[in-house]
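Q:
Chains as they are written, first to last, in our numbering: chain X, 20 to 103; chain A, 37 to 384.
1) Below 8 Å between beta carbons is the criterion; list the residues of the segment 258 to 275 of chain A that meet it against any residue of chain X, in chain order.
2) Just reading off the beta strand (DSSP E) that residue 61 of chain A is part of, what are its end residues?
3) Are the Cβ atoms of residue 97 of chain X and residue 22 of chain X separated by less than 8 Å?
4) Given a limit of 7 Å on CB to CB distance, which residues of the segment 27 to 61 of chain X reach chain A?
5) Nearest-angstrom Cα distance between residue 138 of chain A and residue 295 of chain A?
6) Taking the continuous alpha helix (DSSP H) assigned at residue 229 of chain A, which residues delimit it?
7) Hey, could you find the ends of the beta strand (DSSP E) residue 261 of chain A is sitting in?
8) Which residues does DSSP list as the beta-bridge partners of residue 343 of chain A?
9) Can you have a look at residue 168 of chain A and say buried or exposed, based on whether 16 or more other CB atoms are within 10 angstroms of its CB?
10) Note down the Cα distance separating residue 89 of chain A from residue 319 of chain A, rounded to an integer number of angstroms.
11) Which residue wins for smallest C-alpha separation from residue 236 of chain A, given the options A:290, A:222, A:181?
12) In the segment 273 to 292 of chain A, which residues sit with their C-beta less than 9 Å from some C-beta in chain X, listed in chain order?
13) To the nearest angstrom, how far is it from the Cα of residue 309 of chain A to the Cα of residue 183 of chain A?
14) Answer with yes or no whether the minimum CB distance from residue 311 of chain A to chain X is below 8 Å.
15) Please list the partners that residue 247 of chain A has in chain X, where partner means a Cβ-to-Cβ separation under 8 Å.
16) Whose C-beta lies closer than 8 Å to the C-beta of residue 55 of chain A among residues of the same chain, with five residues either side of it excluded?
17) Could you tell me which chain X residues have their CB closer than 7 Å to the CB of residue 358 of chain A, listed as they occur along the chain?
18) Keeping to the same chain, check which residues put their C-beta closer than 8 Å to that of residue 223 of chain A; ignore five residues upstream and five downstream.
19) Per DSSP, residue 307 of chain A forms a beta bridge with which residues?
20) Report the CB separation of residue 86 of chain A from residue 49 of chain A in whole angstroms; it is logged as a contact under 8 Å.
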C-alpha cells in the first residue's frame with residue numbers, strides 16, 4: 020500500500036483529501052510516519068527509524084503502525100502499490 | 037473593448053435560513069468578462085434582501101406568487117418587458133419553474149430567452165417519481181413512497197422502516213424515528229408545501245452535492261462537486277468545499293447524458309459506508325451555493341445566459357479542488373423610502 024499521490028501534507032501537519040473533502044491534522048509523530056510511508060520506505064526501515072529515534076517498544080510500534088495504516092485506509096488515503 | 041449588453045431578470049433574492057440563489061447568480065453575471073449585465077430583480081416579498089443591493093441589482097419588480105397562476109405571472113412579465121426589454125430570465129425557485137416552463141414559447145416569441153429543463157425532465161425527477169427515475173436511468177435512489185393522508189403512513193412503514201425522512205414536495209425534510217413523529221412532520225410540512233408528502237428511506241452517510249449544467253444535447257457544460265462542511269438545521273450547506281471525486285462526476289455525466297438534461301441542476305447525494313453514492317434529490321435549478329462554482333472557475337450563470345441566447349459555450353474542463361465557501365449574514369441599513377417604494381408600487 021502507498022499514500023495516494025494527491026494527498027498532501029502541509030508543514031503544520033494538515034492533510035486534505037481532495038476526493039472526499041475531509042481534512043485532518045497529524046501530530047509530529049504522525050507526520051514523521053506519513054513522511055516515511057510517502058517516501059516509499061519498507062516496513063522494516065520505518066520500524067527501525069522509530070525504534071532508534073523514539074522511545075518506543077517494537078510491539079507498541081507494530082500496533083501503532085497498523086492503526087495508522089488502518090486509519091489512513093478507512094479515510095481513503097491509501098491505494099495499492101502498482102506491483103500489488 | 038466594449039462588452040455586449042444583456043438584460044437579465046433573476047428571481048430568488050431572498051436570504052433567510054434557507055436562502056435563495058438569486059444574489060449569487062447576479063454576482064456571477066456581474067463578474068462576466070464577456071457581457072455587461074443589467075440586472076432586473078424579480079421579487080415576491082418586499083423584504084427580500086437582494087432588492088436593496090443596489091450595487092448588484094439595477095431595478096426590481098415585485099411579481100405574483102406562482103399560486104396566482106400563469107396568466108397573472110405573464111401579465112406582470114409583459115409589463116416588465118415593456119419597460120426593461122428583457123433578454124433572459126433565470127428563474128431560481130422550484131415552485132416557479134413549472135409556470136416558466138409552460139410559458140417558454142410565449143416568452144420566446146416576446147424575445148425573452150431561458151434555459152430550463154423540459155416539462156418531461158422536470159416531471160421525471162420530481163421527488164414522487166424519483167424511484168422510477170432511478171430505475172430508468174440506472175442510478176441508485178433510496179426507496180420512497182408518496183403519501184397523501186396521515187393514515188397512509190403506517191402502511192408505508194411496512195415498506196420503509198424507521199428512521200425515515202419525511203419530505204415536502206418542494207422543500208423541507210425531517211428525520212422521523214417514530215410513527216408519531218412522522219405524523220407530526222407530515223402535518224407540519226404538508227400545511228406549508230402541500231401534498232403529497234414523500235417518505236424516503238434514511239441513508240446514513242456523508243452529504244455531497246453536485247452543481248451542474250447540461251446543454252440539452254447530453255453534454256456536460258459544467259459540474260462542481262462539493263462536500264457539505266457546515267449544515268444548518270434546515271439541512272442547508274452553510275459551508276462547503278470543492279472535491280475531485282471522479283465517481284460523482286461520472287454519476288453526473290450519466291445523469292446528463294441519459295436524460296439530455298437542459299439547464300442548471302443540483303444533485304443531492306449521500307455517500308454510504310461502502311463509498312457508494314445514493315441520489316437523494318435532483319433540484320432542477322441553481323443551488324444557493326453557486327458562487328463556489330464561480331469561485332473555482334465555472335461561471336455557471338454566465339454560461340446559462342450564453343446558452344439561452346443560442347451562443348456556443350465550450351464545456352468547462354476543470355475547477356479548483358479544495359476551495360471552500362463559508363456563508364455570512366450581512367445586516368444592511370435600508371432607507372424606509374426604498375421599502376415604501378417597493379411595498380407601495382411594486383418597483384424599485
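Quick reminder that beta carbons are idealized off the backbone N, C-alpha and C, glycines included.
A: To lay it out plainly:
1) Here the close residues are 262, 263, 265.
2) Taking the second chain and counting its residues from 1, the one referred to as residue 61 of chain A is at position 25. Counting along the chain, residue 61 of chain A sits inside no beta strand (DSSP E); it lies in the alpha helix (DSSP H) bounded by residues 58 to 66.
3) Taking the first chain and counting its residues from 1, one reaches residue 97 of chain X at position 78. Taking the first chain and counting its residues from 1, one reaches residue 22 of chain X at position 3. The answer is yes: Cβ separation under 8 Å.
4) So the close ones are 35, 37, 38, 39, 40.
5) If you number the second chain from 1, residue 138 of chain A lands on position 102. If you number the second chain from 1, residue 295 of chain A lands on position 259. Computed Cα separation, rounded: 19 Å.
6) Working through the second chain from its first residue, we reach residue 229 of chain A at position 193. Segment 215 to 229, the alpha helix (DSSP H) holding residue 229 of chain A.
7) What you label residue 261 of chain A is simply residue 225 of the second chain in a count that begins at 1. 256 to 267 is the span of the beta strand (DSSP E), which, as asked, contains residue 261 of chain A.
8) If you number the second chain from 1, residue 343 of chain A lands on position 307. None, per the DSSP bridge assignment.
9) What you label residue 168 of chain A is simply residue 132 of the second chain in a count that begins at 1. Exposed.
10) Along the second chain, one-based indexing puts residue 89 of chain A at 53. Along the second chain, one-based indexing puts residue 319 of chain A at 283. Going by the C-alpha atoms only, they are around 26 Å apart.
11) Within the second chain, numbered from 1, the residue matching residue 236 of chain A stands at position 200. The residue from A:290, A:222, A:181 with its alpha-carbon nearest to that of residue 236 of chain A is A:181.
12) Listed in sequence order: 276, 277, 278, 279, 280, 281, 282, 283.
13) One-based indexing of the second chain puts residue 309 of chain A at position 273. One-based indexing of the second chain puts residue 183 of chain A at position 147. Their backbone Cα atoms lie some 29 Å apart in a straight line.
14) Against the second chain, residue 311 of chain A aligns to sequence position 275. By this cut-off, residue 311 of chain A is an interface position.
15) If you number the second chain from 1, residue 247 of chain A lands on position 211. For the C-beta of residue 247 of chain A, not a single chain X residue is nearer than 8 Å; the gap to the nearest is close to 14 Å.
16) As a position in the second chain, residue 55 of chain A is number 19, starting the count at 1. Counting only Cβ-Cβ distances below 8 Å, and skipping sequence neighbours, we find 272, 324, 363.
17) One-based indexing of the second chain puts residue 358 of chain A at position 322. The answer, in chain order, is 35, 37.
18) Stepping through the second chain from its first residue, residue 223 of chain A is reached at position 187. The residues are 186.
19) Locating residue 307 of chain A in the second chain gives position 271, counting from the first residue. Paired residues: A:242, A:313.
20) For the purposes of this step, residue 86 of chain A is taken as the residue at position 50 of the second chain. For the purposes of this step, residue 49 of chain A is taken as the residue at position 13 of the second chain. The Cβ separation is near 3 Å, so the contact holds.
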